[in-house]
Amino acid sequence: MTSEHTTSDEPDYRALLESVHGIVWRADARTFQTTFVSKEAEEILGYPLSAWTRVPGFWAAHIHPDDRETALAFTARETRERRRHDFEYRMIAADGRSVWLRNIVTVISKDGEPAELVGVTVDITARKQAEFEADDLRRELARVARASTLGEMAATLAHELNQPLGAIVSNAETAERLLTRKDAAARAELGSILGDIRRDGQRAGDIIHRIHAFLQRETVAHGRLDVGPLIDGVLRTMSSLLTSRKVTWSLDVAPSLPPVTGDAVQLQEVLANLVRNAVEAMADSRPSERTLIIRAAQRDTKRVELSVVDNGPGIRAAIMPRLFEPFATTKQGGIGMGLAISRRIVQAHGGGIRAENNPSGGATVSFTIPLYDLVGTTTP
Amino acid sequence: MTEQLPIVRVVDDDPSFLRAVSRRLQVEGFDVETFESVDAFLSSRNREAPGCLVLDVRMPQTSGLELQDEVARSAEPLPIVFLTAYGDVPTSVRAMKKGAVDFLTKPVDGETLVQAVRQALIRDRQAREARRQLRDVRRRYESLTARQREVFALVVRGLLNKQVADELGTTERTIKAHRAAVMAKMRAQSAADLVRAAERLAER
Numbered sequence: 018m019t020s021e022h023t024t025s026d027e028p029d030y031r032a033l034l035e036s037v038h039g040i041v042w043r044a045d046a047r048t049f050q051t052t053f054v055s056k057e058a059e060e061i062l063g064y065p066l067s068a069w070t071r072v073p074g075f076w077a078a079h080i081h082p083d084d085r086e087t088a089l090a091f092t093a094r095e096t097r098e099r100r101r102h103d104f105e106y107r108m109i110a111a112d113g114r115s116v117w118l119r120n121i122v123t124v125i126s127k128d129g130e131p132a133e134l135v136g137v138t139v140d141i142t143a144r145k146q147a148e149f150e151a152d153d154l155r156r157e158l159a160r161v162a163r164a165s166t167l168g169e170m171a172a173t174l175a176h177e178l179n180q181p182l183g184a185i186v187s188n189a190e191t192a193e194r195l196l197t198r199k200d201a202a203a204r205a206e207l208g209s210i211l212g213d214i215r216r217d218g219q220r221a222g223d224i225i226h227r228i229h230a231f232l233q234r235e236t237v238a239h240g241r242l243d244v245g246p247l248i249d250g251v252l253r254t255m256s257s258l259l260t261s262r263k264v265t266w267s268l269d270v271a272p273s274l275p276p277v278t279g280d281a282v283q284l285q286e287v288l289a290n291l292v293r294n295a296v297e298a299m300a301d302s303r304p305s306e307r308t309l310i311i312r313a314a315q316r317d318t319k320r321v322e323l324s325v326v327d328n329g330p331g332i333r334a335a336i337m338p339r340l341f342e343p344f345a346t347t348k349q350g351g352i353g354m355g356l357a358i359s360r361r362i363v364q365a366h367g368g369g370i371r372a373e374n375n376p377s378g379g380a381t382v383s384f385t386i387p388l389y390d391l392v393g394t395t396t397p
Numbered sequence: 010m011t012e013q014l015p016i017v018r019v020v021d022d023d024p025s026f027l028r029a030v031s032r033r034l035q036v037e038g039f040d041v042e043t044f045e046s047v048d049a050f051l052s053s054r055n056r057e058a059p060g061c062l063v064l065d066v067r068m069p070q071t072s073g074l075e076l077q078d079e080v081a082r083s084a085e086p087l088p089i090v091f092l093t094a095y096g097d098v099p100t101s102v103r104a105m106k107k108g109a110v111d112f113l114t115k116p117v118d119g120e121t122l123v124q125a126v127r128q129a130l131i132r133d134r135q136a137r138e139a140r141r142q143l144r145d146v147r148r149r150y151e152s153l154t155a156r157q158r159e160v161f162a163l164v165v166r167g168l169l170n171k172q173v174a175d176e177l178g179t180t181e182r183t184i185k186a187h188r189a190a191v192m193a194k195m196r197a198q199s200a201a202d203l204v205r206a207a208e209r210l211a212e213r
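Those sequence lines, one after another, are chains A and B.
The first sequence begins at 18 in our numbering and counts up by one.
The second sequence begins at 10 in our numbering and counts up by one.
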């Protein structure tokens, strides 16, 4: 282009500047004093254009107090580095409104030093408002979700607790009636009633403890554990259930498994949960088909994996994705906490838990526990 | 009368709750049998003997509501008192519509339970008595000959012997004899007794 062209185009540039939907400006790179500002500035912020260029430090003075320091520091740094930059901040308009702006700035250098800033400033108030509303909505949804989980938790708790509480109330009423009798039979009955009341009280406490443990993530006692005795302990406590439900069980424990790290009580609770689930899953199967396998094997150099394999109907695809979430029960009367608590315990141990349906029918739930010498303690 | 004593059957999957309710009812003087599952109850002997059911709504495998349907199909349906851990309105409405005596929420107070059980036993006794009478009337009616049934039908419509005779194309004397036989077989003292028997037969 020739200079002649440039001269004749000059008025068009001005018209172009004025038609841009944004403030076009120039400023001193050292003081940030505005040296030119397009008409749009008056439209957006309401101050006369002359104020921008004539009042020293006008731009900086009208940045929203909460954003001023950050905006100035950012501009200063970017200018020093002679980088093109882009940032969002608020200014206070002539009528007192906060206006959200986006500055897109080019640093013009002279002799290797920043000399001038040229930029466009766009009003982004509407977009910001939409973002804030979306945030509010998200926060509200999260709050509702939390509250409904609590509500659900309360309903489940009420249901679980009413069973022992109902028994306690009935037993106490009977005991009151029996107290008026003096015979030996009544005394014996009173003894067994009190035993039941005590056990139901403990049961109610256990339910609360379980929920508490779930909400309060317990600390894990890192001890050296042998997998064999761990499984034996669970089988001992579960043997009456296995017998009464006519479940045939077998062990598949790899020889000379290395010791693992963890809390015996908690890990036994996990294994017991899985066994109980497996037994309940097979409730509708023919007794001859109720088979359960407890498997233990070294998964890799760091972990041992324990699995409970059942021969029931398997896990429905629909429930699979939320199987380990609280209240994801399919059992009538179930609290839906077993697998959620199990997962929490396993994760607190640094392991993982997963469930899958077996190709030959039934389901397998497995969890891993880290080996003992991996926690930095030396094996004796 | 050699009437069997009624038995209150309690079905709940929670053994401790089962013991507690059973004790509470026994101390009140009821005969109680307990079952830990619906299936255990269904496979029990004399499950149609007089009495009533106290039933937990939520149980693994077969629920109390399913048992209600099963019981309704039996020859001697036992009245049911439902117990539930929390009052769920649609479920209770459904249970009551299908004839449950009561729908109580745990923890239920003993007095309320005892009242409900009493009411259930009264209902059972009355229903059994009504069913027994119906069976008797049916058996008697079935013992009538074809001719006697025709006479029976016309007599209960209020026709006089003469009119019955005309209707059936026979003599008043013959009808008199038939009528006497019908009265004897139906164990009726009067025409009014016959009308009542006819009404009962028409009920179902």
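Note that beta-carbon positions come from the ideal geometry of N, C-alpha and C, so glycine has one too.
DSSP bridge partner residues for residue i (one or two, in chain order)
i      : result
W266/A : L309/A
W117/A : R107/A
G279/A : G240/A
S324/A : R312/A and S383/A
P15/B  : Partner(s): none; P15/B has no beta bridge.
A44/A  : T51/A and L134/A
K185/B : Paired residue(s): none; K185/B is not in a bridge.
N374/A : A380/A
S126/A : P131/A
L92/B  : D65/B and L113/B
H102/A : V122/A
V41/B  : V17/B
I80/A  : M108/A
G60/B  : I16/B
L258/A : Looking at the DSSP assignment, L258/A forms no beta bridge with any residue, so it has no partner.
L66/A  : Partner(s): none; L66/A has no beta bridge.
Buried or exposed by the 16-neighbour rule on C-beta atoms within 10 Å, applied to residue i
i      : result
T381/A : buried
H366/A : buried
G183/A : buried
F161/B : buried
Y389/A : buried
I336/A : exposed
H38/A  : exposed
Q180/A : buried
Q219/A : exposed
Distance between beta carbons of residue j and residue i, contact taken as under 8 Å
i      : j      : result
L242/A : T278/A : 7 Å
Q77/B  : A94/B  : 17 Å between Cβ atoms; not a contact.
L288/A : V251/A : 5 Å
A29/B  : S187/A : 4 Å
I61/A  : I40/A  : 6 Å
R307/A : N328/A : 7 Å
V17/B  : V41/B  : 5 Å
R63/B  : V19/B  : The sequence shown places Val at residue 63/B, not Arg. The pair is a contact, with the Cβ atoms about 4 Å apart (cut-off 8 Å).
L398/A : F384/A : Residue 398/A is absent from the structure shown; chain A starts at 18 and stops at 397.
Start and end residues, alpha helix (DSSP H) containing residue i
i      : result
P24/B  : P24 to Q35
E133/A : From DSSP, E133/A is part of no alpha helix (DSSP H) but of the beta strand (DSSP E) over E130 to D140.
V37/A  : First-last for V37/A: undefined, no H or E at that position.
Whole-angstrom distance between residue j and residue i, CA atom to CA atom
i      : j      : result
L113/B : I225/A : 24 Å
A164/A : L34/B  : For A164/A, the pLDDT reaches just 49, beneath the cut-off of 50, and the residue's location in the model is therefore unreliable, leaving the point undetermined.
A46/A  : V124/A : 8 Å
I141/A : P82/A  : 18 Å
A90/A  : R97/A  : 11 Å
P88/B  : E297/A : 30 Å
E35/A  : R101/A : 23 Å
R144/B : T180/B : 33 Å
R371/A : Q364/A : 11 Å
D175/B : A155/B : 17 Å
A190/B : Q157/B : 8 Å
L274/A : D280/A : 17 Å
G73/B  : I131/B : 21 Å
F50/B  : A203/A : 28 Å
A205/A : L27/B  : 18 Å
V135/A : V54/A  : 10 Å
S256/A : G245/A : 16 Å
Q135/B : R141/B : 10 Å
F49/A  : Q146/A : 28 Å
A125/B : V90/B  : 7 Å
S261/A : G60/B  : 29 Å
E208/B : G108/B : 24 Å
Span of the beta strand (DSSP E) around residue i
i     : result
V66/B : Element bounds for V66/B: n/a, residue is neither H nor E.
Original post:
What residues from the segment 47-75 of chain B come within 9 Å of chain D, judged by C-beta to C-beta, listed N to C?
Top reply: Here the protein chains are A and B, and chain D is not one of them.
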